[in-house]
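A.B. asks: Sending over a structure as structure tokens; questions will come in a sec.
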Amino acid sequence: MRLASFIIKDSGKSTIGSFVDGVYLDLNTLSDGVLPDNLLEFLQGGDTAMQKARNLTASADMSSAYKEDQIELLAPVPLPGKIIHTACNFDAHLNELTTWNDAEWESHNWKDFHFEHPTGFLQAPSSVCAHNAGVPIPKFTKQLDYEIEIGIVIGKEAFEVKIEDAMDYVAGYTIFNDLSARDIQAREHSNKVILMGKSFKNSCPLGPLLVTPDELSDPHNLDMKLRVNGEVRQDSSTSAMHYKTAELVSWWSLMGLYPGDVITSGSPPGVIAGMENPVWLKPGDVVEATVAELGVLTSNIV
């Protein structure tokens, strides 16, 4: 299934739905309220809720179907319990960041970075925004950057999960754009923390849909492209992930995972910070993150 969170414009109702044949089905209404009106509660319903949604989608009752211009898309999980950002999970991205010419960034010895296990940091759930949202450039940064990633959405509670069992805990995938205030990030790295550089308002565009694993040919062989004003900046594939989904879920389950938590894949190379003469994002820029079979996530810099 392709699941969405959205607001019905005419009524102002916030609900969840499935996207099928070009329309959005209101699953809350079609189920007479059996299915909740938010995706976090829906995921907490586990396999029972998922099967109910599949049955309703298969019947394709158009009495509660809405076209794209009749709804406002929200992030699939508008307020995750937590966002676990996997850092430097594409080797080529790690390599390009070693060339970033910033004194505070260079104070960290990136050449000693190694992969004994996934590494990363937490991002604030309140930083999530939707497809087509406007992203205001924070007053505190002059170096706004992008990073195309996939978001792995957890479907049920997980703790100390084995790699071979990890995929059973994945509800689906979505697109994630890790917008970064690089100058602030560099300053925070020099103090061994990551906070405002990655968790400012609207810094985590997520969407447009949550795509269940059965809809994908192979989640680890999906083309990834990020464009700025139509120009391709990042061009890679999920096949280049150092750690794949099962390994990430297994490792991060050590902290305890819950339905609606999001684990990110890390970014491939091509970010502005890796350029010899960086030109940072500015108002009016349109950033399109495309992942094959997941769709296009658009962010408008304002």
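Residue 2 is where the sequence shown starts when you use the working numbering, and the numbers rise one by one after that.
Here a beta-carbon is modelled for each residue, glycine too, at the ideal position from N, C-alpha and C.
(1) Fully enclosed by the segment 167–191, which beta strand (DSSP E) runs are 3 residues long or longer?
(2) Flag this pair as yes or no: are the beta carbons of residue 194 and residue 172 separated by less than 8 Å?
(3) So what does DSSP say about residue 149, is it helix, strand or coil?
(4) Can you tell me which residues form a DSSP beta bridge with residue 291?
(5) Just the Cα atoms here: how many angstroms apart are residue 47 and residue 278?
(6) According to DSSP, is residue 144 part of a helix, a strand, or is it coil?
(7) Quick one: what's residue 86 bridged to in DSSP?
(8) For a test of the three-state rule: what should DSSP assign to residue 210, helix, strand or coil?
(9) With distances taken between CB atoms, is the gap from residue 291 to residue 266 smaller than 8 Å?
(10) Given 8 Å as the limit, is there contact between the segment 131–151 and the segment 35–53, that is, 3 or more CB pairs closer than that?
(11) State the CB to CB distance for the pair residue 175 and residue 210, rounded to an integer number of angstroms; the pair is presumed to be in contact (CB under 8 Å).
(12) On the DSSP bridge list, what partners appear for residue 242?
(13) Verify whether the separation of the beta carbon atoms of residue 14 and residue 32 is less than 8 Å.
(14) Just how far apart, CA to CA, sit residue 232 and residue 131?
(15) For residue 47, does the three-state DSSP call read helix, strand or coil?
(16) Per the contact definition of three or more C-beta pairs closer than 8 Å, is the segment 57–64 in contact with the segment 22–42?
(17) Is residue 282 helix, strand or coil when you go by DSSP?
(18) Grouping DSSP H, G and I as helix and E and B as strand, with all else coil, what is residue 165?
(19) Determine, for residue 275, whether the minimum Cβ-Cβ distance to residues of chain C falls below 8 Å.
(20) If you follow the beta strand (DSSP E) that residue 36 is part of, which residue opens it and which one closes it?
(21) What is the residue span of the beta strand (DSSP E) that residue 25 lies within?
(22) From residue 206 to residue 81, what distance separates their C-alpha atoms?
(23) For my contact list, residue 158 and residue 270 are in at a C-beta cut-off of 8 Å; report their separation, rounded to the angstrom.
C.D. replies: Reading it off the structure:
(1) 171–178
(2) no
(3) strand
(4) 226 and 297, per the DSSP bridge assignment.
(5) 49 Å
(6) coil
(7) 122
(8) strand
(9) no
(10) no
(11) 7 Å
(12) 91
(13) no
(14) Roughly 22 Å between the two C-alpha positions.
(15) helix
(16) yes
(17) Reduced to three states, the DSSP call for residue 282 is coil.
(18) helix
(19) Judged by its chain identifiers, the structure shown contains no chain C, having just a single protein chain.
(20) Membership of residue 36 in any beta strand (DSSP E) is not indicated, and neither H nor E is assigned to it by DSSP.
(21) 24–27
(22) 12 Å
(23) Residue 158 to residue 270, Cβ: 35 Å. No contact.
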